[in-house]
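Below you'll find the structure, written out as structure tokens, and then a few comments.
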Ligand code: BT5
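In this note's numbering, the protein residues as written are 1 to 248.
The following block contains the structure:
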């Protein structure tokens, strides 16, 4: 990755998109100290206070079909999990598809966006937010969000995590490109999946249902066994999956 450092941006995903439209190369990355309009999925807000997190996006130009680009979120989640473990020793769990959790609270979120042209991927932007040295969250996030500092009780060097992420992502992304899917990654992902073999609730625009999480398949879809013993295939997108006892 070739990283460009910024002080303040609206959203690092926006900065990378602009660079992509101007012809930036695969592997271009942006890190900012603060985001004034950090985004989650579906236009939700991502709070990104100054100097206390990793607010980072990078550009990929894989030669893949649009449907497979969402798998890159899974690739990035694995890399972020490894990076945090390597730099701090903390073992996060993955909340499918795009969150990392530590001690039951969200510590990292991933926002993957793409541009297509003539049925092919023109580019993919992967945005990662890791709460590193945040000391307090707004009231509405207190029960669901946390930071490495709050969990580990010490200040963490952000650059070590970025460096470890760069290496881990290169390794997993290579595996993804080699097969065009997640067949080399899914078993390890499932080892770290929150609620694996537990009851989960799937919420989408049509309502909700419950079943037992059986982990992801090689396309990154979540398999959930319903009460009748049928396997449902849940695609990422406008769904969220929760354990039945709360946020995770
Ligand atoms: C995500 O969305 O989790 C994706 C977050 C991606 C953020 C990165 S930072 C760099 C890049 N630039 C951007 O503008 N974005 C990316 P989602 O699953 O929709 O979760 C959003 C929800 O998480 C919000 O509605 C809040 O409830 C909660 N939230 C907001 N800020 C948070 C934080 N810092 N830590 C934990 N939870 C947060």
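Virtual Cβ for every residue (Gly too), placed ideally from N, Cα, C.
Which word fits residue 67, buried or exposed, when buried means at least 16 other C-beta atoms lie within 10 angstroms of its C-beta?
Taking the chain shown and counting its residues from 1, the one referred to as residue 67 is at position 67. Its Cβ having fewer than 16 others within 10 Å, residue 67 is exposed.
Across which residues does DSSP place residue 225 in a beta bridge pair?
For this step, residue 225 is matched to residue 225 along the chain shown. Partner(s): 212 and 231.
Going straight from the alpha carbon of residue 190 to that of residue 119, what length do you get?
In the chain shown, counting from the first residue as 1, residue 190 sits at position 190. In the chain shown, counting from the first residue as 1, residue 119 sits at position 119. Whole-angstrom Cα-Cα distance: 31 Å.
With a floor of 4 residues, list each alpha helix (DSSP H) that falls wholly inside the stretch 90-155, ordered by position along the chain.
With a minimum length of 4 residues, the continuous alpha helix (DSSP H) runs that stay inside the stretch 90-155 are 148-152.
Is there contact here, the stretch 57-67 with the stretch 24-33, by at least three beta-carbon pairs under 8 Å?
Between the stretch 57-67 and the stretch 24-33, the count of C-beta pairs closer than 8 Å reaches three or more; the two stretches touch.
Can you grab the Cα-Cα spacing for the pair residue 194 / residue 107, in whole Å?
If you number the chain shown from 1, residue 194 lands on position 194. If you number the chain shown from 1, residue 107 lands on position 107. So the alpha carbons of these two residues sit roughly 14 Å apart.
How is residue 43 classed by DSSP in three states: helix, strand or coil?
By 1-based counting over the chain shown, the position of residue 43 is 43. Helix.
Local conformation of residue 8 per DSSP, three classes
If you number the chain shown from 1, residue 8 lands on position 8. In the three-state scheme derived from DSSP, where H, G and I count as helix and E and B as strand, residue 8 is classed as strand.
Residues bridged to residue 179 (per DSSP):
As a working mapping, residue 179 is identified with position 179 in the chain shown. Answer is none; residue 179 lacks a bridge partner.
Would you tell me roughly how many angstroms separate the C-alpha atoms of residue 240 and residue 157, rounded to the nearest one?
On the chain shown, position 240 is the one that residue 240 refers to. On the chain shown, position 157 is the one that residue 157 refers to. Spanning the two alpha carbons is a distance of roughly 31 Å.
Element boundaries [alpha helix (DSSP H), containing residue 188]:
The sequence position of residue 188 within the chain shown is 188, counting from 1. Element bounds for residue 188: 186-191.
Mind reading off the beta-carbon distance from residue 54 to residue 162? Whole number of angstroms is fine, and I expect it under 8 Å.
Here residue 54 refers to the residue found at position 54 of the chain shown. Here residue 162 refers to the residue found at position 162 of the chain shown. A Cβ-Cβ distance of about 6 Å is found for the pair residue 54 and residue 162, placing them in contact under the 8 Å criterion.
To the nearest angstrom, how far is the alpha carbon of residue 127 from that of residue 203?
One-based indexing of the chain shown puts residue 127 at position 127. One-based indexing of the chain shown puts residue 203 at position 203. The straight-line gap from Cα to Cα measures roughly 24 Å.
Continuous alpha helix (DSSP H) stretch holding residue 78: start and end
As a position in the chain shown, residue 78 is number 78, starting the count at 1. Per DSSP, residue 78 belongs to the alpha helix (DSSP H) from 71-88.
Just checking, does the stretch 173-182 make contact with the stretch 215-223 on the three C-beta pairs under 8 Å criterion?
Short answer: they touch.
Do you know offhand how far residue 47's Cα is from residue 73's?
Here the question's residue 47 lines up with position 47 in the chain shown. Here the question's residue 73 lines up with position 73 in the chain shown. CA-to-CA, the gap between residue 47 and residue 73 works out to about 20 Å.
So which of 70, 62 and 92 has the shortest CA-CA distance to residue 177?
Here residue 177 is taken as the residue at index 177 of the chain shown, counted from 1. The residue from 70, 62 and 92 with its alpha-carbon nearest to that of residue 177 is 62.
Is the stretch 85-98 touching the stretch 159-175, taking contact as three or more C-beta pairs under 8 Å?
With a cut-off of 8 Å, the stretch 159-175 and the stretch 85-98 count as touching, because enough Cβ pairs lie within range.
By Cβ distance below 7 Å, which residues in the same chain neighbour residue 166 in space, the five residues on each side in sequence not counted?
Within the chain shown, residue 166 is the residue found at index 166, counting from 1. For residue 166, where only same-chain residues beyond five positions count, the Cβ hits under 7 Å are 1.
Cβ-heavy atom distance, residue 70 to ligand 1, below 6 Å:
Sequence index remark: in the chain shown, residue 70 carries index 70 (1-based). For ligand 1, not one heavy atom lies less than 6 Å from the Cβ of residue 70.
How far does the beta strand (DSSP E) with residue 243 in it extend, from its first residue to its last?
Walking along the chain shown from the start, residue 243 turns up at place 243. First-last of the beta strand (DSSP E) with residue 243: 240-243.
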